[in-house]
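Chemist: Each position in the sequence shown, counted from 1, maps to that position plus 282 in the working numbering.
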Amino acid sequence: AAHKRKERVEPTRASIYHGPDCIVLVVNDVLTKNDRYARGHSGTFEKPQSKRYKAAVAAAAAGAGYVPPVKRPAIPRGPDKRKASVVFGAKTITSGLWSLEVFSVWPKARHHADGTDTANGDADAPISMMQDAMQRAGIIDDDMRIVSTAALASYSKDERRTVAVLRKLGASTYDDEVARMRDYEALAAGQADASKTC
283 AAHKRKERVE
293 PTRASIYHGP
303 DCIVLVVNDV
313 LTKNDRYARG
323 HSGTFEKPQS
333 KRYKAAVAAA
343 AAGAGYVPPV
353 KRPAIPRGPD
363 KRKASVVFGA
373 KTITSGLWSL
383 EVFSVWPKAR
393 HHADGTDTAN
403 GDADAPISMM
413 QDAMQRAGII
423 DDDMRIVSTA
433 ALASYSKDER
443 RTVAVLRKLG
453 ASTYDDEVAR
463 MRDYEALAAG
473 QADASKTC
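Next comes the structure, spelled out in structure tokens:
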């Protein structure tokens, strides 16, 4: 009940910017984890709003020159014998490590006992939705390349929106971030210098 929201008035749309250092994707919707899938008699199925979200991202990506991946089935015998594979478009990201920042705008607020107001939606809820949509649209070949994520949630009455920024991570930046998190791990385990704090 806490996640119930008004029906969408506008069709789901997306826009994309492809810059030299980042890709920015904006969708005029934001979905909770429960908005994505449901269970039916024949198992789990994807809800219509989730399909519309992915279709909007795919349409925006196609307009920017991205091509959805094409699965090639295996041919086990004969002169054209081959293994199953996936063919990607020329613009699809097929190398490197990437970070994803997701800013979500939610149409309702939650009022807490301490006087704090927050968006009535989990900050991390849109991350997996955005990653799946990017992969399906052919923006990135595998969302496992996204090794760093950050989420920020905000409330704006009757508005819903998702803004995502995909950036390439340099090897040294990635190594530094891994080392930093290992330092925090050592703090929690009591194995680090006591002078080091968060």
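Virtual Cβ for every residue (Gly too), placed ideally from N, Cα, C.
1. Check this for me: beta carbons of T374 and I428, under 8 angstroms apart or not?
2. Identify every run of the beta strand (DSSP E) within the region 396–463, keeping only runs that are complete inside it and at least 3 residues long; order them along the chain.
3. Evaluate contact between the region 387–403 and the region 295–306, counting only Cβ atoms and requiring at least three cross-stretch pairs below 8 angstroms.
4. Would you call S381 buried or exposed, if buried means 16 or more other Cβ atoms sit within 10 Å of its Cβ?
5. What is the DSSP secondary structure of E292, reduced to helix, strand or coil?
6. Which runs of the beta strand (DSSP E) spanning at least 3 residues fall entirely within the region 314–351, listed in chain order?
7. Between which two residues does the beta strand (DSSP E) carrying I305 extend?
8. Do you know how far the Cα of E328 is from the Cα of A320?
9. For V445, collect the residues of the same chain with a Cβ closer than 6 angstroms to its Cβ; drop the 5 residues on either side in sequence, then sort them by chain order.
10. Looking only at its own chain, which residues have a Cβ that is under 7 angstroms from the Cβ of P350, when we skip the five neighbours before and after it?
11. Let me check one thing: in DSSP terms, what residues is H393 bridge-paired to?
12. Do S367 and R354 count as a contact pair if the criterion is CB distance below 8 angstroms?
13. Pull up the distance between the alpha-carbon of D503 and that of V369, whole angstroms please.
14. Are there 16 or more other CB atoms within 10 angstroms of the CB of S332, so buried, or fewer, so exposed?
15. Considering V387, what are the terminal residues of the beta strand (DSSP E) in which it resides?
16. If we call anything under 8 angstroms between Cβ atoms a contact, is T294 one with Y335?
17. Taking the alpha-carbon positions, what's the G378 to R449 distance?
Modeler: To lay it out plainly:
1. Counted from its first residue, the sequence shown places residue 374 at position 92. Counted from its first residue, the sequence shown places residue 428 at position 146. No, Cβ-Cβ distance for T374 and I428 is not below 8 angstroms.
2. 399–401, 428–437, 443–451
3. no
4. In the sequence shown, counting from the first residue as 1, residue 381 sits at position 99. By the 10 Å Cβ count, S381 comes out buried.
5. Locating residue 292 in the sequence shown gives position 10, counting from the first residue. DSSP places E292 in coil when its eight states are reduced to three.
6. 319–322, 325–328
7. Your numbering for residue 305 matches position 23 in the sequence shown. Run containing I305: 304–309, per the beta strand (DSSP E) assignment.
8. Residue 320 sits at position 38 when you count from the first residue of the sequence shown. Residue 328 sits at position 46 when you count from the first residue of the sequence shown. For A320 and E328, the distance between alpha carbons rounds to 7 angstroms.
9. As a position in the sequence shown, residue 445 is number 163, starting the count at 1. V308, F385, listed in sequence order.
10. Your numbering for residue 350 matches position 68 in the sequence shown. These residues qualify, in order along the chain: A340, R418, A419, G420.
11. The count along the sequence shown starts at 1 and reaches residue 393 at position 111. H393 pairs with D399.
12. The sequence position of residue 354 within the sequence shown is 72, counting from 1. The sequence position of residue 367 within the sequence shown is 85, counting from 1. Cβ atoms of R354 and S367: closer than 8 angstroms.
13. Because the chain in this structure spans residues 283 to 480, residue 503 falls outside the shown range and cannot be described.
14. Here residue 332 refers to the residue found at position 50 when the sequence shown is read from its first residue. Buried, by the Cβ-count rule.
15. Position 105 of the sequence shown, counting from 1, holds the residue named residue 387. Element bounds for V387: 379–388.
16. For the purposes of this step, residue 294 is taken as the residue at position 12 of the sequence shown. For the purposes of this step, residue 335 is taken as the residue at position 53 of the sequence shown. Result yes, Cβ atoms of T294 and Y335 sit closer than 8 angstroms.
17. Here residue 378 refers to the residue found at position 96 of the sequence shown. Here residue 449 refers to the residue found at position 167 of the sequence shown. If I take the Cα positions, the gap works out to 10 angstroms.
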